[in-house]
Every structure is written in C-alpha cells, then in structure tokens.
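Q: Dumping the structure here so I can ask a few things about it.
Number of protein chains: 2
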Amino acid sequence: MATVDQGQDAEIPAPPWRKRRRSTPAKAKQPLSQDLIVDTALRILDAEGLDAVSMRRVAQELDTGPASLYAHVSNKEELLELLLDRVSGEMRLPEPDPERWREQIKEVAHEIHRVLSAHADIARVPLGMIPTGPNALRINERVMTIMLAGGVPPRIAAWAVDRFYLYINSDAYEGSIHVTKQRASGLEPAEYIARFLGQVREYFTSLPADRFPVTVRHAPELMSGDGGERFEFGLELMIRGLESYVEGSKEA
Amino acid sequence: MATVDQGQDAEIPAPPWRKRRRSTPAKAKQPLSQDLIVDTALRILDAEGLDAVSMRRVAQELDTGPASLYAHVSNKEELLELLLDRVSGEMRLPEPDPERWREQIKEVAHEIHRVLSAHADIARVPLGMIPTGPNALRINERVMTIMLAGGVPPRIAAWAVDRFYLYINSDAYEGSIHVTKQRASGLEPAEYIARFLGQVREYFTSLPADRFPVTVRHAPELMSGDGGERFEFGLELMIRGLESYVEGSKEA
DNA sequence: CGTCCTTACGAACACTGTTCTATGAAGGAA
DNA sequence: TTCCTTCATAGAACAGTGTTCGTAAGGACG
Numbered sequence: 001m002a003t004v005d006q007g008q009d010a011e012i013p014a015p016p017w018r019k020r021r022r023s024t025p026a027k028a029k030q031p032l033s034q035d036l037i038v039d040t041a042l043r044i045l046d047a048e049g050l051d052a053v054s055m056r057r058v059a060q061e062l063d064t065g066p067a068s069l070y071a072h073v074s075n076k077e078e079l080l081e082l083l084l085d086r087v088s089g090e091m092r093l094p095e096p097d098p099e100r101w102r103e104q105i106k107e108v109a110h111e112i113h114r115v116l117s118a119h120a121d122i123a124r125v126p127l128g129m130i131p132t133g134p135n136a137l138r139i140n141e142r143v144m145t146i147m148l149a150g151g152v153p154p155r156i157a158a159w160a161v162d163r164f165y166l167y168i169n170s171d172a173y174e175g176s177i178h179v180t181k182q183r184a185s186g187l188e189p190a191e192y193i194a195r196f197l198g199q200v201r202e203y204f205t206s207l208p209a210d211r212f213p214v215t216v217r218h219a220p221e222l223m224s225g226d227g228g229e230r231f232e233f234g235l236e237l238m239i240r241g242l243e244s245y246v247e248g249s250k251e252a
Numbered sequence: 001m002a003t004v005d006q007g008q009d010a011e012i013p014a015p016p017w018r019k020r021r022r023s024t025p026a027k028a029k030q031p032l033s034q035d036l037i038v039d040t041a042l043r044i045l046d047a048e049g050l051d052a053v054s055m056r057r058v059a060q061e062l063d064t065g066p067a068s069l070y071a072h073v074s075n076k077e078e079l080l081e082l083l084l085d086r087v088s089g090e091m092r093l094p095e096p097d098p099e100r101w102r103e104q105i106k107e108v109a110h111e112i113h114r115v116l117s118a119h120a121d122i123a124r125v126p127l128g129m130i131p132t133g134p135n136a137l138r139i140n141e142r143v144m145t146i147m148l149a150g151g152v153p154p155r156i157a158a159w160a161v162d163r164f165y166l167y168i169n170s171d172a173y174e175g176s177i178h179v180t181k182q183r184a185s186g187l188e189p190a191e192y193i194a195r196f197l198g199q200v201r202e203y204f205t206s207l208p209a210d211r212f213p214v215t216v217r218h219a220p221e222l223m224s225g226d227g228g229e230r231f232e233f234g235l236e237l238m239i240r241g242l243e244s245y246v247e248g249s250k251e252a
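Chains A and B are the protein sequences, given in the same order. The letter at position 50 of the first sequence is residue 50 when you use UniProt numbering, and the numbering goes up by one with no holes. The letter at position 39 of the second sequence is residue 39 when you use UniProt numbering, and the numbering goes up by one with no holes.
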C-alpha cells in the first residue's frame, strides 16, 4: 500500500476522456484492485526502472496473467498515468506568500524535480501526455496561486505554468536517461560521468579550429556545471523573464 | 538519396564513443549502404511516424531481412541518431549579426522547431540523447557565436544554449504527440483540437470551486493560446532572462 | 434453482530489437 | 588458375512487448 501523502483527492471528478473501466471493482475481498496494481508497478519502477514496468511483469508480480489487469486498468497508458499521479502525491507544496513568490516557484520546481528524479525514469511519462490526475490539478492550482499573488497577470501566469512544467519534466527526463545509462554501464556514478565528460571534452577539442572556433575555444565552458547547476540556471532564466511581465516592472 | 543541404560534414571526426561498424561498406556497388538505410528510414518516418521505423520495417522496404542492416548500423539507436542528423541538415541558419542577436536566436529556435515538427515525431530522439552529429555541432557553433556576439558571457551562453535546446526539443515533442493522437483518432485536425479543448474546459469548470478557485476562475486563460503562441512565449521568457545576464545590463 | 454479470486468466496474435549461423561472392596471394 | 580469407547477406530463432478472445468460475438476484 502507498504510505505517502496522496493529497486530498476525494471528490475530484475524473477527466471525462479517461475511459471508464469495464466495471467497478466494487467490494472485491482483497485480490487485484487498481490500487494494488499501481502499488506493484511503483515497486517495479523504483527497483528496476520504467522499462521494467510491463503488463506482464506487473501481472507476474501479482501471480497472475497479463489479461487479468485489463479488468482494472484499461490500458498501459492509463496505468502509467495512475502511476505518475501516485508519485505526484509525494510532492509537498508551500503555502503561498506574496512576498516570496519567486523563491516559492523555485521551491515547487525543485520539489517536482526531486520527486520525479527519485522514481527512476518516471519523468518520461508526463512528457508524453498532459497530466490530468488529481495531484497534477492540485499542483497546478498552487503554482498558479503563487504567481497571481506575485502580481503576474493571469494569462501570463497560465502560460508560464505550462512552460515551467515542460521545462521541469524535460530536465528530469534528461537526467533520468543518464542515470539509466550509468546503471546499464555498471560503472560507479562518479566514474561514469568522469568518463563521459572526458570523451566529450576530447571530442570538442579534437574538432578543426577553423570550422568550429567558438566550440573549440569555449569547450571548458560548454562542459562546465553539473545537472543541478544547469537546471537551476534555466529556472533562473525563466523566472527573470517572468518578472519582466509583472505589472509595474521595468518592461511590460 | 537525400536531396537536402546536409551542411558540410566532411572531415568532422565521429564521436569516439559511437561504436565503429563491423567494417566499412567500402566500394559496394549500390546495394544496402548506410545512407540508403537512413534514406529509407526517413521515408518511413515521414509517411507513418517514428513508431513505424523499426528494423524490420526498414529491412522489408529494402527487400531484405533485419539482420542485414546490422552490417551498416550497429544499433537502432545509432540509426535514429543518423536519422536525426540527416533531418538536422535541413536547418538553415542566419549569419551572426551582433545588432540582432535576440531576433536571431528566435529565428534559429523557430527553424529547429519547424524542421523537427516537419518530420513527424522525430523530436523524441534528441530528448533521449545528447546529439553529437555534425549538424548538431554546426548549430551549436552558430548559436553560441550569436550569443557571444550579443555580449552574453561565455559560460552563461554555454549553459543557455543547452537550455534552449532542451526547451525547443521538448516543445516539439509535445506538439508531435498531439499530431500523433490526432492522426490516430482519424478526426480532422481542427475537429480534434476543438473536441480536446472542449473536454478540458468542461473538466476545469466542473471542478469544485472551493478547492480549486484559481483553476476554475482562470480556466479561459489556462486554455488560451495555441501551441505556436505558447512556444513563442516560452522563448520570449528565456530570452528576456538571458538579456539580464548581458554585461552592462540592469541586473548582473 | 436458474440466470446473469463480472472477474480471472490461459492462449494466441502480431509485433519488437538483436544475435547466431550458414551461405555466397568477391579480392588478394601464391 | 587455385586457394584462402574476408565480409555482406539473410534465414531462423530468442526473449520480450501490448492487447484481445474465449472460456471458466463465482457471487448476486429473481
């Protein structure tokens, strides 16, 4: 069972385009419910990564065949949506404080990034769809509130929320790829990135300087900074841009 | 054969970590070369999307078995890298003009976005790896040059290039998903997005207003703007942020 | 008791990337 | 010319994938 805070997701109607299951599990004793399936999928995800989460693997873990799952989950896609929303329940959000809207947006961004990164390559899921689960809604509401409290005009805020998600998700995804490759390589994390950076550096400096003068000269800068620093930088970039839209700002 | 401008990719050493083929095709008369395979893959991509590009499908198109491809391409991943680089050859880049660095960055961003979007869901490929092909290098060099000409400090520029790519690629990917789903639905593009937006709007306004006051009230803003406008907005956000790092700017 | 409805699930379908193995043809050396 | 090596070509197979079909079982209801 999930032991984490799931937010309060009672009474939120499900998106109308999420196809209804063939029926409701009703009062099944304990065997094979939607929650149980999602729990199992989450366990596999954490232990072996998203690619290991297959219908067959989940079924096997529950001592049954893959066909059995389709009574509780209409799709693999739906299973992944549910899985993402379960994970999203771990994201803790600050109470809006108008004075600190910039910091709070960063806090939320880091929190989303942290939780996604904590669950293998789950970040691949939100990139492939628009999350509509209760927890996505909860986060959306909160971030939007923070921005409005900071004086960001409504339409700007609405679009900005969208752009921030895209950025956070894609960065988390990119990060998860490296983790996956590092795992597959069998090397230590430090050894892996050292070797990786070494190869890229060698490649950059080996380029013909007359055709790629800037790349060759600035190879050190191109390779500087780890994932965290770059994520932070992009965030800062977007927030500075957003500030310029606040009413009464320098630009308008 | 590819009829498009491939940039000049002669003499650029291949990345050392790209495993060498079992041997060089040398002077094979005409049957089954790496170029031919990539050409075929590109044709399938454009006609049916990235999911249709399988080793079997490419082989079948060439009247052979999948095993034959592995003499010219060590991997499916490598095939996709080659495919991406072939497509990237279509991207036309402006000559750097220090006065217009902001506009030029936008131009490049739109160009990358345009070309990626023109080839089905190829945008999924660069998200899953760091492009290292000759064309990626060519673009990197140019964008970096434009930024430096605009007075962006080298390390900031280096990181910014990275962040801009991530943004462009992920937005193009998100867009391609909608195109894929629209294709699969069989509906007209206009009809598809109308129906989609209608469902989301209905969902948002059906939410309990006491728990989601901001989402409910600003539903119109949350849904305003098409993909292009939102892409443009995110770009503007990042560029405004980047401006603030230019030496002699308001902030520093 | 019989009927109905829903969950459970083995088997099968049509795929996927990749490897092993055998075959055949071409090129160089003696 | 003959031999031998080298390498592109593929057929077959392996171990997977998501999903559907048809059937069996079990509880609820009339």
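Just so you know, even glycine gets a beta-carbon here, dropped at the ideal spot from N, CA and C.
#1: Can you tell me whether alanine 109(A) is buried or exposed? The criterion is at least 16 other CB atoms within 10 Å of its CB, across all chains shown.
#2: Less than 7 Å separating the beta-carbons of methionine 238(A) and leucine 127(B)?
#3: Straight-line CA distance for leucine 235(B) to glycine 49(B)?
#4: Which first and last residues belong to the alpha helix (DSSP H) in which asparagine 140(B) is found?
#5: Using a Cβ-Cβ cut-off of less than 7 Å, give me the residues of the region 133-156 of chain A that come near chain B, in sequence order.
#6: Is DSSP giving lysine 29(A) helix, strand or coil here?
#7: Is there a Cβ of chain A sitting closer than 7 Å to that of glycine 113(B), yes or no?
#8: What is the residue span of the alpha helix (DSSP H) that glutamate 174(B) lies within?
#9: Rounded to whole angstroms, what is the Cα-Cα separation between aspartate 51(B) and leucine 45(B)?
#10: Our contact map puts alanine 158(A) next to serine 224(B) with C-beta atoms below 8 Å; I'd like the distance itself, whole angstroms only.
#11: State yes or no: is the beta carbon of serine 244(B) nearer than 7 Å to at least one beta carbon in chain A?
#12: How should threonine 40(B) be labelled, buried or exposed, when 16 other C-beta atoms within 10 angstroms of its C-beta is the threshold for buried?
#13: Is glycine 234(B) helix, strand or coil by DSSP?
#14: Could you tell me whether the Cβ atoms of leucine 80(B) and valine 38(B) are closer together than 7 Å?
#15: With a CB to CB cut of under 6 Å and the five nearest residues on each side skipped, what residues in its chain are close to alanine 209(A)?
#16: Less than 7 Å separating the beta-carbons of glutamine 104(B) and isoleucine 168(B)?
#17: Return no unless some Cβ of chain B is closer than 7 Å to the Cβ of arginine 240(A).
#18: Which same chain residues, not among the five before or five after lysine 27(B), have their C-beta less than 8 Å away from its C-beta?
#19: Which two residues bound the contiguous alpha helix (DSSP H) that contains leucine 93(A)?
#20: Skipping 5 residues on each side, what residues in its chain have a beta carbon closer than 8 Å to that of leucine 187(A)?
A: From the atom records:
#1: Alanine 109(A) is buried by the Cβ-count criterion.
#2: No. Outside cutoff.
#3: For leucine 235(B) and glycine 49(B), the distance between alpha carbons rounds to 27 Å.
#4: Counting along the chain, the alpha helix (DSSP H) containing asparagine 140(B) begins and ends at 134-149.
#5: Residues of the region 133-156 of chain A with a C-beta atom less than 7 Å from some C-beta of chain B are Leu137, Asn140, Glu141, Met144, Thr145, Leu148, Pro154 and Arg155, listed in chain order.
#6: The pLDDT assigned to lysine 29(A) is 34, lower than 50, so where the model puts this residue is not dependable, and the model offers no usable value.
#7: Reading off the sequence, residue 113(B) comes out as histidine, not glycine. No, histidine 113(B) does not count as interfacial toward chain A.
#8: If you look at glutamate 174(B), you'll find it in the alpha helix (DSSP H) that goes 154-185.
#9: C-alpha separation (whole angstroms): 8 Å.
#10: The C-beta distance from alanine 158(A) to serine 224(B) rounds to 7 Å, short enough to meet the 8 Å contact threshold.
#11: At least one chain A Cβ lies under 7 Å of serine 244(B).
#12: Per the 10 Å Cβ criterion, buried.
#13: For glycine 234(B), the three-state secondary structure derived from DSSP is helix.
#14: Cβ distance not < 7 Å, so leucine 80(B) and valine 38(B) don't count as in contact.
#15: Apart from sequence neighbours up to five positions away, the residues of its chain that approach alanine 209(A) with a beta-carbon distance below 6 Å are Val216, ordered along the chain.
#16: Glutamine 104(B) is not a Cβ neighbour of isoleucine 168(B), given a cutoff of 7 Å.
#17: Taking a beta-carbon distance threshold of 7 Å, arginine 240(A) counts as an interface residue toward chain B.
#18: With a pLDDT of only 31 at lysine 27(B), under the threshold of 50, the placement of this residue in the model should not be trusted, and no figure is reported.
#19: Leucine 93(A) -> no alpha helix (DSSP H), and no H or E assigned at all.
#20: Cβ neighbours of leucine 187(A) beyond the five flanking positions: Arg195.
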